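From first to last, the protein sequence lines stand for chains A and B. First residue of the first sequence: 1, per the numbering used here; consecutive thereafter. First residue of the second sequence: 251, per the numbering used here; consecutive thereafter. Beta carbons are placed, not taken as given, at the ideal position from N, Cα and C, and that holds for glycine. Since the structure is predicted, the reported quantities are computational estimates derived from the model, not experimental observations.
Protein chains: 2
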Amino acid sequence: MAEALKSPRRPRRAGRQPRSRQSVLGKAGDSGLAALGRASRQTLQAQVYDRLKSAVMTGVLAPGQPVSIRGLASALGTSPIPVREALRHLAAERAVEVQPNGSVAVPEMTRARFEDLRRTRLVIEGFATELAAASMTPATIRRVEGLFAQVDALHRSGDVKKFLAQNQRMRFVIYQAIDSPTLMPIIESLWLQVGPFFNLSMAEPHLRRSLSYDLAAINALKRGDGPEARKWIERDISETGDYILSLLKG
Amino acid sequence: MAEALKSPRRPRRAGRQPRSRQSVLGKAGDSGLAALGRASRQTLQAQVYDRLKSAVMTGVLAPGQPVSIRGLASALGTSPIPVREALRHLAAERAVEVQPNGSVAVPEMTRARFEDLRRTRLVIEGFATELAAASMTPATIRRVEGLFAQVDALHRSGDVKKFLAQNQRMRFVIYQAIDSPTLMPIIESLWLQVGPFFNLSMAEPHLRRSLSYDLAAINALKRGDGPEARKWIERDISETGDYILSLLKG
DNA sequence: TTGTGAAATATGGTATATCGCACTTGGCCG
DNA sequence: CGGCCAAGTGCGATATACCATATTTCACAA
């Protein structure tokens with residue numbers, strides 16, 4: 001058994017910090033060995049990606065503010081490489097923009113861009129909603145209705161951030177029912193692009209109306225009435241867009 | 251002033267190969283300093299990305315065949331890092347798939363996936379065509395007609411590969427007329443996903459029909475008739491899909 | 001001959017080092 | 001007093017090093 005010879009391949013340089021592959025970012029309090037089965041096979045790049053994605057969606061990263069790879073890396077306690085790859089991934093989804101000098105930033109929103117996004121969302125999410133009507137199982141309906149109840153409660157409690165997060169989850173459960181590996185990433189990318197601005201600017205007078213449209217859409221989905229559900233989702237996207245656009249003016 | 255100590259940062263290790271940033275991949279025979287002004291500010295990652303994208307589109311990379319990062323890197327004469335990033339970028343666009351072990355491959359095509367792609371393309375490219383009708387300038391029309399002539403000639407000459415390449419260029423000129431930073435990347439991603447299979451399987455009996463639809467669409471665009479143009483593009487996508495699907499059966 | 005397991009190999013992921021550019025800063029000259 | 005040049009600093013891009021795991025190969029024994 002020459003294994004003892006092989007295990008320590010090389011003398012191992014002194015100042016090396018192997019840094020265990022998991023849980024570098026996930027600060028979930030691992031209770032001993034339980035962690036082994038949990039996030040075992042998550043690459044750092046994927047963890048950083050998830051974090052940044054959520055940071056973009058929740059508006060933690062302000063639009064226009066440049067983000068430095070090294071800064072993020074040191075903030076997250078990793079080397080620049082996983083951060084670079086996560087940022088590239090987000091850039092491919094248009095969640096962030098690569099600046100001429102190479103650093104990245106959440107893109108600024110202009111009226112033109114927002115209107116472009118809105119018309120695209122109308123077409124794609126409208127289509128997706130109509131498709132979803134044919135794929136809704138009773139279990140999915142229940143899931144959606146449960147989420148709607150939560151969203152409604154969050155609306156009453158006034159927690160806009162959580163409201164939007166759960167609202168997104170609800171929508172995505174609907175879209176996921178289609179089981180379309182083509183549509184889903186497109187819709188995710190669209191939400192990543194408009195999401196930050198919802199978080200920054202959505203306010204009460206509009207939320208209630210949006211909720212009523214969602215409810216109408218859910219009821220239509222329950223009946224399997226795709227065109228009707230589509231109509232309500234389109235109305236929601238369209239009027240929410242009007243609202244955001246009215247804020248972009250000033 | 252301890253600066254003098256700092257300026258020559260370190261003695262510079264002997265065996266270092268700085269490897270000029272450009273033209274590592276571009277084997278265009280640089281004639282001396284002329285190269286300086288040419289591809290100056292292209293990162294390696296971007297060059298690798300372009301190459302791989304074209305390799306995927308033209309079917310050079312066979313679906314399912316795993317691509318090793320290191321293999322590509324040494325084939326291209328770079329380190330693995332730019333290759334990794336280019337592959338991640340392509341993976342985000344669904345042009346390649348990250349395998350469970352971390353390497354990547356062009357995804358296999360199944361009937362289900364192809365039908366999913368087709369219905370999505372019908373909606374998105376149909377919409378895009380209709381929009382384009384409102385944005386076509388005389389110059390764009392001329393450009394498209396010029397490309398159509400080339401495509402037609404290539405069809406007669408029987409060079410399917412070049413035919414498809416120019417055909418794509420023609421379509422993208424139309425879509426680009428919309429000037430939609432949202433739609434364009436989506437359409438590109440869709441073409442990256444279906445492109446390889448066109449290259450592998452398109453054959454004569456279908457090409458002529460497809461060309462006639464394209465011509466009809468172009469004429470409709472010229473008249474500014476968006477719905478009509480949309481109809482022809484949709485018919486093209488739909489019937490080309492039928493054709494490919496008939497091949498996927500066997 | 002074949003199955004099993006261990007070593008060799010290949011490969012992905014990531015840390016570190018270094019290059020070269022870009023932007024900043026400070027000083028000098030007009 | 002203002003603008004321009006030069007050093008300095010920060011950062012992105014990339015090469016290299018090295019670990020850990022997946023895969024292959026090969027030897028040995030049943």
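Output the distance between the C-alpha atoms of residue i and residue j, rounded to the nearest integer angstrom.
{"i": "B/Gln-443", "j": "B/Ala-345", "result": "5 Å"}
{"i": "A/Gly-158", "j": "A/Glu-239", "result": "20 Å"}
{"i": "A/Arg-121", "j": "A/Gly-71", "result": "34 Å"}
{"i": "A/His-206", "j": "A/Val-151", "result": "14 Å"}
{"i": "A/Pro-107", "j": "B/Glu-454", "result": "45 Å"}
{"i": "A/Val-83", "j": "B/Ile-436", "result": "24 Å"}
{"i": "A/Ser-180", "j": "B/Val-373", "result": "14 Å"}
{"i": "A/Ala-128", "j": "B/Pro-477", "result": "21 Å"}
{"i": "A/Arg-156", "j": "A/Gln-166", "result": "13 Å"}
{"i": "B/Glu-380", "j": "A/Thr-43", "result": "43 Å"}
{"i": "B/Leu-397", "j": "B/Ala-389", "result": "12 Å"}
{"i": "A/Pro-196", "j": "A/Ala-62", "result": "8 Å"}
{"i": "B/Phe-413", "j": "B/Leu-404", "result": "5 Å"}
{"i": "B/Leu-440", "j": "B/Leu-367", "result": "7 Å"}
{"i": "A/Val-160", "j": "B/Ile-424", "result": "41 Å"}
{"i": "B/Glu-343", "j": "A/Arg-88", "result": "11 Å"}
{"i": "A/Val-144", "j": "A/Leu-183", "result": "19 Å"}
{"i": "B/Asn-508", "j": "B/Pro-316", "result": "Nothing about residue 508 of chain B can be read from this structure; chain B reaches only from 251 to 500."}
{"i": "A/Ala-35", "j": "A/Tyr-49", "result": "Low local confidence applies: a pLDDT of 30 at A/Ala-35 is under 50, so the model's placement there is unreliable, with the coordinate-based value given in what follows. Roughly 20 Å separates the two Cα atoms."}
Would residue i pass as an interface residue toward chain A - the criterion being a Cβ-Cβ separation below 8 Å?
{"i": "B/Val-373", "result": "yes"}
{"i": "B/Thr-370", "result": "yes"}
{"i": "B/Leu-367", "result": "yes"}
{"i": "B/Ala-345", "result": "no"}
{"i": "B/Ala-479", "result": "no"}
{"i": "B/Pro-339", "result": "In the sequence under discussion, the amino acid at residue 339 of chain B is His, which differs from the Pro named in the question. True, the Cβ-Cβ gap to chain A drops below 8 Å."}
{"i": "B/Arg-538", "result": "A question about residue 538 of chain B goes unanswered here, because the residues of chain B that appear run from 251 up to 500."}
{"i": "B/Ser-304", "result": "no"}
{"i": "B/Ser-385", "result": "no"}
{"i": "B/Ser-430", "result": "yes"}
Does any CB atom of chain B fall closer than 8 Å to the CB of residue i?
{"i": "A/Leu-183", "result": "yes"}
{"i": "A/Ile-186", "result": "yes"}
{"i": "A/Val-127", "result": "Correcting the residue type first, residue 127 of chain A is Phe in the shown sequence and not Val. It does: the Cβ of A/Phe-127 has a partner Cβ on chain B nearer than 8 Å."}
{"i": "A/Ala-92", "result": "yes"}
{"i": "A/Arg-171", "result": "no"}
{"i": "A/Ser-79", "result": "no"}
{"i": "A/Ser-238", "result": "no"}
Would you mind sorting residue i into buried or exposed? The rule is 16 or more other CB atoms within 10 Å of its CB.
{"i": "B/Trp-314", "result": "At residue 314 of chain B the sequence reads Gly, which differs from the Trp that was named. Exposed, because fewer than 16 other Cβ atoms sit within 10 Å of the Cβ of B/Gly-314."}
{"i": "B/Asp-486", "result": "buried"}
{"i": "A/Val-60", "result": "exposed"}
{"i": "A/Lys-53", "result": "buried"}
{"i": "B/Ser-513", "result": "Since the displayed chain B opens at 251 and closes at 500, residue 513 of chain B lies outside it and no answer follows."}
{"i": "A/Ser-246", "result": "exposed"}
{"i": "B/Gly-474", "result": "exposed"}
{"i": "A/Ala-258", "result": "The displayed coordinates of chain A run from 1 to 250. Any statement about residue 258 of chain A would go beyond what the structure contains."}
{"i": "A/Ala-217", "result": "buried"}
{"i": "B/Gly-352", "result": "exposed"}
In chain order, which continuous runs of the beta strand (DSSP E) of length 3 or greater are located wholly inside the region 79-166 of chain A? none
What ranges does the alpha helix (DSSP H) occupy inside the region 173-202 of chain A, keeping only unbroken runs of at least 4 residues that lie completely in it? 183-201
Interface residues of the region 100-114 of chain A facing chain B [CB-CB below 7 Å]: Arg-113
Alpha helix (DSSP H) runs wholly inside the region 294-323 of chain B, at least 4 long, in chain order: 294-307
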